[in-house]
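Student:
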Amino acid sequence: MKSISKLGWTAYGLAALVVVLDQLSKYWILYVYDLPGRISTPVAGPFSLTMVWNRGVSFGLFRADQDLMRWALTLFSVVVAVILAIWARKAVRPFLGLGLGLVIGGAIGNAIDRLRFGAVVDFLDFQRLGFFPWVFNIADSAITIGVVFLLLDSARKDSDA
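For any residue, its number in the working numbering is found by taking its place in the sequence shown, counting from 1, and adding 4.
See the structure below:
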């Protein structure tokens, strides 16, 4: 078995951190703060906490209310996380390792929600900005930032593996 690179371990650690932070934030929102009982609460400026049960993918895209789609999205998330984890084993560039770790953690965090609740818990709301209509969570943020890192890595000028 081939050894895991230092950046591969970094990706795995970052993925674990994202899952922990994502699930802790959702626990707090659901059981401590009881956001489902409040629906939406303004926090500061354009930021609110708004309870949304997302049955689609990140940022509510491709909404799927059927149970079959719930399981298909869960399976897809897990398969993507496994493929990216295999890729991360040999990561040698920082943006690649960071991007893979963030996407893996986000995919797993949202898959856990689908398994537990049948939908993803979304609650971060900046809709009052006027140009960002989505409610999201830490896992969604990690996936988005991770994809940016992966795009930056793919735009690099060197040709090393």
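The beta carbon of each residue, even a glycine, is placed where N, CA and C say it ideally should be.
Enumerate, from N- to C-terminal direction, the unbroken alpha helix (DSSP H) stretches of 4 or more residues contained entirely within the segment 90 to 133.
Tutor: Qualifying alpha helix (DSSP H) stretches, in chain order: 98 to 121.
Student: Would Thr45 and Gly101 be called neighbours here (beta carbons separated by less than 7 Å)?
Tutor: For the purposes of this step, residue 45 is taken as residue 41 along the sequence shown, with counting starting at 1. For the purposes of this step, residue 101 is taken as residue 97 along the sequence shown, with counting starting at 1. Their beta carbons are not under 7 Å apart, which means Thr45 does not touch Gly101 by this criterion.
Student: Give the DSSP bridge partners of Phe51, in chain order.
Tutor: Reading the sequence shown from its first residue, position 47 is the one you call residue 51. Answer is Ala48.
Student: Under the three-state reduction of DSSP, which class applies to Trp138: helix, strand or coil?
Tutor: For this step, residue 138 is matched to residue 134 along the sequence shown. Coil.
Student: Using 8 Å as the threshold, is the segment 96 to 111 in touch with the segment 125 to 138, meaning 3 or more CB pairs across them?
Tutor: No, they do not touch.
Student: Distance check for Leu25 and Lys10, CA to CA, integer angstroms please.
Tutor: Position 6 of the sequence shown, counted from the first residue, corresponds to residue 10. Position 21 of the sequence shown, counted from the first residue, corresponds to residue 25. Computed Cα separation, rounded: 23 Å.
Student: Going by the CB atoms, is the gap between Phe130 and Pro50 shorter than 7 Å?
Tutor: Along the sequence shown, read from residue 1 onward, the residue named residue 50 stands at position 46. Along the sequence shown, read from residue 1 onward, the residue named residue 130 stands at position 126. Yes, these two residues count as a Cβ contact at 7 Å.
Student: Report, in whole angstroms, the separation of the C-beta atoms of Leu18 and Ile33, which I expect to be a contact under 8 Å.
Tutor: By one-based count along the sequence shown, residue 18 stands at place 14. By one-based count along the sequence shown, residue 33 stands at place 29. Leu18 to Ile33, Cβ: 22 Å. No contact.
Student: Determine whether the beta carbon atoms of Gly150 and Val107 lie at a separation below 7 Å.
Tutor: Along the sequence shown, read from residue 1 onward, the residue named residue 150 stands at position 146. Along the sequence shown, read from residue 1 onward, the residue named residue 107 stands at position 103. Yes, they are a contact pair.
Student: Measure from the alpha carbon of Val56 to the alpha carbon of each residue in Thr78, Val124, Gly113, then state which is nearest.
Tutor: Position 52 of the sequence shown, counting from 1, holds the residue named residue 56. Checked all of Thr78, Val124, Gly113; the closest Cα to Val56 is Val124.
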